Every structure is written in C-alpha cells, then in structure tokens.
Amino acid sequence: MHTINITGGKTLSGEIVVSGAKNSIVALMPAAVLCDEDVNIYNVPRLSDVDSLVEILEYLNVGVESKEDYMKINPTSMTNKMVPNELSKKLRASYYFMGALLGKYGHVEISFPGGCVIGARPIDLHLKGFKALGATISEEGDNIIIEANELKGTNIYLDFASVGATINLMLAAVKAKGKTIIENAAKEPEIVNVATFLNNMGARISGAGTNKIKIEGVEYLHSCFHEVIPDRIEAGTYIIIGAAVGNNLKVSNLIPEHIYSLTEKLREMGVPLEVGPDYVIVSKPDKYNPVDVQTLVFPGFVTDHQQLIASLMVLANGTSSIEETIYENRFQNLYELAKMGARIKVEGKKAYIHGPTKLVGTTVMATDLRAGAGLVIAGLLANGKTEIQNADYILRGYENIVEKLSNIGATIELI
Ligand code: EPZ
2 MHTINITGGK
12 TLSGEIVVSG
22 AKNSIVALMP
32 AAVLCDEDVN
42 IYNVPRLSDV
52 DSLVEILEYL
62 NVGVESKEDY
72 MKINPTSMTN
82 KMVPNELSKK
92 LRASYYFMGA
102 LLGKYGHVEI
112 SFPGGCVIGA
122 RPIDLHLKGF
132 KALGATISEE
142 GDNIIIEANE
152 LKGTNIYLDF
162 ASVGATINLM
172 LAAVKAKGKT
182 IIENAAKEPE
192 IVNVATFLNN
202 MGARISGAGT
212 NKIKIEGVEY
222 LHSCFHEVIP
232 DRIEAGTYII
242 IGAAVGNNLK
252 VSNLIPEHIY
262 SLTEKLREMG
272 VPLEVGPDYV
282 IVSKPDKYNP
292 VDVQTLVFPG
302 FVTDHQQLIA
312 SLMVLANGTS
322 SIEETIYENR
332 FQNLYELAKM
342 GARIKVEGKK
352 AYIHGPTKLV
362 GTTVMATDLR
372 AGAGLVIAGL
382 LANGKTEIQN
392 ADYILRGYEN
402 IVEKLSNIGA
412 TIELI
C-alpha cells in the first residue's frame, strides 16, 4: 500500500493538463472486444484501473499494445472464458465484460465486480436489461452466468438513469437482432464517448447524451481510431485545488460544458474563474461564501465532485451543506476531514460543514478514490504535514497526480 505525504500551505501556480477520462477508458477497453478487427485508442490515461483491465484482456487472449497515451486492442484471437474473482474484483468496470461478451458470444461467465465501497451498488438494472434482450441469468456462488441463443432488440426502461447499466446495455445490444431502445438512459459524457467509439466501428447508435438511446443491431464491427474524452472529475479536482490554494492556476485540456455544475457552484462561493474554450484559470479568493450542493445525475452536480468540494467548504464563512442522492455511503471522507479539524455534522444523506476552519495536517485514510482526492485537497490547504494512507485508491483514478502537483509547486511525495 502506498502513502501520500503533503506539506500544506503552498500557493500553487502554473499549468496542469487533464488526462483522458477514467470512466470512459474503463468502458472503452471492454467495448473493444466487440470489434471483429483491431481498434486504436488515443489519450489513454495510465491508471491502475487500466492495468487491471489489461490483465483481463490478456487473460482472454486479447492482444494489447500500448505506448504513452496510445493503445491498440486486438480481439481477433480471443477466447471466451470465465473471468475469475481475482481479476473482476479489482475494479467496478469489470462488469462491462458482461455486456461485451454477451453481445459478442451470447455467453459470459464472470465473478461479481469490485469497486469503491460508497454504497450497496447493485447491478439489478444491468441484469434486468440483459433479460429483456433475451438472456437467461444464473448464479453459482460469486459467479454469474449470462447466456442467450439470440439477443433480440427490445424496449428497455431503466428505473434509474444508471451510467453502468446504460453502457452495459448498449454493449449487449450493438450486435443484437433488430432495434433496442433504452429509455431513461443516463446522459453522462462518458456514455456519448462509448457510443461514438462503437459507431466508429460501424455500430448504429443514436441519441447518446439524451435520455433515449436507439441501437440498430449490426453483424460486423470494423477497425477504428478513437480518442478518450478529457476526465471531467480530474479536471474538477484540480480546479478545486486552484480555488483552495491557487494563484492563476491553469487547468487545461478540458471540456467546460462537462464541468458547468462545478464551475457555477465555485462562482457562487466567490472563486474567481476564467473559463476558456478548453481551459479554466482559477485563483483563491479572499473569502468564500457557504453553498448548498445536491448531487444529481448529469448535468446536475456530480456525486464524484461532492467529496472534493467538501474540502473547500471548510474555508467558507458559514455553514455549507451537501445532500448526496446517488449513493448512500459517500461521506467517509468527512470523518477523515474531521480528524484535520473540520467541523462537520452528518445526518443521513445530508452533511453540514461549518466554516471557516484552518485545517491541521495529520494522518488520514483514503477510504475510496474520491475520498482520497478530497484529502489531497485538504492536505494542500492544511498547516503542517498530512499523511494519506491507503493512497492506492487515488492512483486508480489520477494519472501522475504527484508529478502534476509537484510541477505547480506542491510539496507532495508518494511513498
Ligand atoms: C459510475 O458508476 C462511475 N463509475 C462512478 O464513478 C460515478 O460516481 C457514477 O457512475 C455516477 O456518476 C464508473 O464509470 C466505472 P450508476 P456506476 O450505475 O455506473 C444505483 C468514481 O469515483 N444502481 O450510475 O456504478 C447505484 O447503486 C466512480 O470515478 C442500482 O440500484 O453508477 C447507485 O446508487 C465511483 N442498480 C446509482 O444507481 C443498478 O443496476 C448510480 O449508479 C445500477 C445502479
């Protein structure tokens, strides 16, 4: 296990370039196996979650070649075999092999996925959708077997606009017979990125980015070139760092429309921001206003940003609140922030953060990916030294975070 040590109180300036989106690449890599030729992906972030997916692909005999931010995936010699527990448990996104292998072979056997413990995170909507497409599902211990003689296009209504279920059902439906319509589909940018990837291969998907996605099944998917979109959660992390300790910090290679809910909330807090076509320049204000945040599906305030802005709220003059509506256990970071001196009250799905408070560095624990990133923000703000244990969580979703922050003046090291 790694530890990140930070000595806080430094003003940060310069430029940080945002990497490719974790939550896109973790879907694009399983989606690639649907192709009948090889695929070429650019702007691939180097993350431990990507390494875990390479392990699964190689286990399935899929060729993977990577160089810097480029990856070629060649599934032409792949074998469809059971994906074991030790591989699927490493990350949540292993569940995308369900839709991809079902769509390609009509048969998949895989262990239940892992991922950050931020709530119950069931996959009932994925399974209900596979069944609607004609699959049968059985469970043997921790393994799940999904099979279909033939997948047939149908109408699927999602009870909740789930990101994972929307992508998984697109993957399963791409080669199904006839037309599938996903109603109440999730609208997150990563879904559009996956649909574009599949369409680049010759799939016929329309409506991605709206709540109604239509998929006309095709028989053959051909080679393509594709680019991963910038990571809006990573962009948000560095913008919040700029709001906390920045002086004209430029965060570049981002899509402003993807982070609008965050930039508007930061303006409400009094943070000076210049939003350009593909960058944001941000500085620390003299004082911060308290704000209320409610997490929602895209384009609402992103649940992943909630754990990050919490660290900034400790600076506000008054009480800020967060209402978490997507996950039931996504406040673990607040208990760690309290160890650094934050004044916090959690009541069910609402948290109240009283400010202003000067945080003091101490030893804290990253309990999940964004909780860990929130503690990095807190460590940069705090007086003295912060030691973040369990930092491997952070490395799952942030490419070169220590180098990127060192380059703009932070005192930070990975042990
Ligand atoms: C994706 O998770 C992201 N992960 C999460 O990012 C992100 O927080 C989340 O979307 C919301 O934006 C990946 O893309 C790999 P959901 P996902 O299905 O797909 C419930 C990060 O830190 N639900 O939209 O798992 C579920 O329990 C991670 O980068 C069901 O009840 O999210 C949750 O309460 C963490 N049944 C809600 O829906 C289902 O079948 C949203 O889940 C599926 C979901």
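If you count by our numbering, then the sequence shown holds residues 2 to 416, one letter each, in order.
We put the CB at the ideal spot given by N, CA and C, even for glycine.
These numbers were taken from a predicted model, which means no experiment stands behind them.
So, at 6 Å on beta carbons, what are the nonlocal neighbours of ILE214 in its own chain, with the 5 sequence-adjacent residues on each side left out?
Stepping through the sequence shown from its first residue, residue 214 is reached at position 213. Counting only Cβ-Cβ distances below 6 Å, and skipping sequence neighbours, we find ILE183, ALA186, GLY208.
Excluding the 5 residues flanking LEU406 on each side, which residues of the same chain have their C-beta closer than 6 Å to its C-beta?
Position 405 of the sequence shown, counted from the first residue, corresponds to residue 406. The answer, listed in chain order, is ILE413.
Suppose you measure from the CA of GLU87 to the CA of SER95; what does that come to, to the nearest Å?
Stepping through the sequence shown from its first residue, residue 87 is reached at position 86. Stepping through the sequence shown from its first residue, residue 95 is reached at position 94. A direct Cα-to-Cα measurement between GLU87 and SER95 gives close to 11 Å.
State buried or exposed for THR137, treating a residue as buried only when at least 16 other CB atoms are found within 10 Å of its CB.
In the sequence shown, counting from the first residue as 1, residue 137 sits at position 136. By the 16-neighbour rule on beta-carbons within 10 angstroms, THR137 is exposed.
Checking the sheet assignment: what are the DSSP bridge partners for ASP293?
Residue 293 sits at position 292 when you count from the first residue of the sequence shown. Beta-bridge pairing links ASP293 to SER322.
Residue range of the alpha helix (DSSP H) that PHE226 falls in?
Along the sequence shown, read from residue 1 onward, the residue named residue 226 stands at position 225. Not the alpha helix (DSSP H): PHE226 falls in the beta strand (DSSP E), residues 225-228.
For GLU16, collect the residues of the same chain with a Cβ closer than 7 Å to its Cβ; drop the 5 residues on either side in sequence, then sort them by chain order.
The count along the sequence shown starts at 1 and reaches residue 16 at position 15. Within the same chain, GLU16 has close Cβ partners LYS251, SER253.
Are ILE5 and ILE389 closer than 8 Å when you measure CB to CB?
Position 4 of the sequence shown holds residue 5. Position 388 of the sequence shown holds residue 389. Yes; because the gap between Cβ atoms is below 8 Å, this pair is in contact.
Whose CA, out of PRO286, TYR221, VAL303, PHE226, lies closest to the CA of GLU189?
What you label residue 189 is simply residue 188 of the sequence shown in a count that begins at 1. Ranking the options by Cα distance to GLU189, first place goes to VAL303.
What does a CB cutoff of less than 8 Å around THR264 pick up in its chain, not counting 5 residues either side in sequence?
Working through the sequence shown from its first residue, we reach residue 264 at position 263. So the list reads ILE240, PRO257, LEU274, VAL276, VAL281, once near-sequence residues are dropped.
Write down the C-beta distance between GLY362 and LEU316 rounded to the nearest angstrom, noting that I regard them as a contact closer than 8 Å.
As a position in the sequence shown, residue 362 is number 361, starting the count at 1. As a position in the sequence shown, residue 316 is number 315, starting the count at 1. Going by Cβ atoms, the distance from GLY362 to LEU316 rounds to 16 Å, so no, they are not a contact pair.
Euclidean distance between Cα positions of ALA28 and ILE168:
The residue you call residue 28 lines up with position 27 of the sequence shown. The residue you call residue 168 lines up with position 167 of the sequence shown. Going from the Cα of ALA28 to the Cα of ILE168 covers about 8 Å.
Express the C-alpha separation of TYR394 and SER25 in angstroms, rounding to a whole number.
Mapped onto the sequence shown, residue 25 falls at position 24. Mapped onto the sequence shown, residue 394 falls at position 393. Near 18 Å, if we compare the C-alpha coordinates of TYR394 and SER25.
Buried/exposed call for GLU337, threshold 16 Cβ in 10 Å
Counted from its first residue, the sequence shown places residue 337 at position 336. Burial call: buried.
Compute every distance between the C-beta of ILE230 and the non-hydrogen atoms of the ligand EPZ, then say whether any falls below 7 Å.
By one-based count along the sequence shown, residue 230 stands at place 229. False, no ligand heavy atom lies under 7 Å from that Cβ.
DSSP three-state assignment for ILE17, whether helix, strand or coil
Taking the sequence shown and counting its residues from 1, one reaches residue 17 at position 16. The answer is strand: DSSP assigns ILE17 an E or B state.
If contacts are defined as beta-carbon pairs under 8 Å, then ASN81 and TYR97 qualify, I think. What distance do you get, rounded to the angstrom?
In the sequence shown, the residue the question calls residue 81 occupies position 80. In the sequence shown, the residue the question calls residue 97 occupies position 96. Not really, about 15 Å apart at Cβ, beyond 8 Å.
Have a look at TYR353, GLU329, ASP369, LYS132 and flag the residue whose alpha-carbon is nearest the alpha-carbon of ASN156.
Sequence index remark: in the sequence shown, residue 156 carries index 155 (1-based). Ranking TYR353, GLU329, ASP369, LYS132 by Cα distance to ASN156 puts LYS132 first.
Have a look at LEU128 and PRO286 and give me their C-alpha separation to the nearest angstrom.
Position 127 of the sequence shown, counting from 1, holds the residue named residue 128. Position 285 of the sequence shown, counting from 1, holds the residue named residue 286. Spanning the two alpha carbons is a distance of roughly 48 Å.
Give a yes or no on whether the C-beta atoms belonging to SER139 and PRO114 are separated by under 8 Å.
Here residue 139 refers to the residue found at position 138 of the sequence shown. Here residue 114 refers to the residue found at position 113 of the sequence shown. For SER139 and PRO114, no; Cβs fall outside 8 Å.
I'd like the list of long-range same chain contacts for GLN333, defined as Cβ closer than 6 Å, with 5 residues on each side in sequence excluded.
Within the sequence shown, residue 333 is the residue found at index 332, counting from 1. Residues THR368, ALA372 of the same chain have their beta carbon placed closer than 6 Å to that of GLN333, with the five preceding and five following residues left out of the count.
What did DSSP end up calling ALA352 once you bin it into helix, strand or coil?
Here residue 352 is taken as the residue at index 351 of the sequence shown, counted from 1. The answer is strand: DSSP assigns ALA352 an E or B state.
With which residues is MET83 paired in a DSSP beta bridge?
In the sequence shown, counting from the first residue as 1, residue 83 sits at position 82. Paired residues: none, contrary to the question.
The ligand GTP heavy atom lying under 7 Å from the CB of HIS127
Annotation note on the ligand GTP: not contained in the displayed structure, which lists the ligand EPZ as its ligands.
How should TYR399 be labelled, buried or exposed, when 16 other C-beta atoms within 10 angstroms of its C-beta is the threshold for buried?
Counting from 1 along the sequence shown, the entry for residue 399 is found at position 398. Residue environment for TYR399: buried (at least 16 other C-beta atoms within 10 angstroms of its C-beta).
Tell me which residue opens and which closes the beta strand (DSSP E) that ILE242 is part of.
Counted from its first residue, the sequence shown places residue 242 at position 241. No beta strand (DSSP E) holds ILE242; the alpha helix (DSSP H) holding it covers 233-246.
Check: ARG371 C-beta below 7 Å from any heavy atom of the ligand EPZ:
If you number the sequence shown from 1, residue 371 lands on position 370. Checking every heavy atom of the ligand EPZ against the Cβ of ARG371, one is found closer than 7 Å.
Give me whichever residues DSSP pairs with ALA209 in a beta bridge.
Locating residue 209 in the sequence shown gives position 208, counting from the first residue. DSSP output for ALA209 lists THR211 as bridge partner(s).
Start-end ranges of the beta strand (DSSP E) lying completely within the stretch 134-176, minimum 3 residues:
Segments of the beta strand (DSSP E) lying fully in the stretch 134-176: 137-141, 144-148, 156-158.
Start-to-end residues for the alpha helix (DSSP H) that takes in GLY104:
In the sequence shown, counting from the first residue as 1, residue 104 sits at position 103. Looking at the DSSP string, the run of the alpha helix (DSSP H) that includes GLY104 is 97-106.
ILE256 by DSSP, collapsed to three states: which one?
As a working mapping, residue 256 is identified with position 255 in the sequence shown. Here ILE256 sits in coil by DSSP.
PHE198, buried or exposed, once every other Cβ within 10 Å from all chains shown has been counted against 16
Against the sequence shown, residue 198 aligns to sequence position 197. With 16 or more Cβ atoms within 10 Å of its Cβ, PHE198 is classed as buried.
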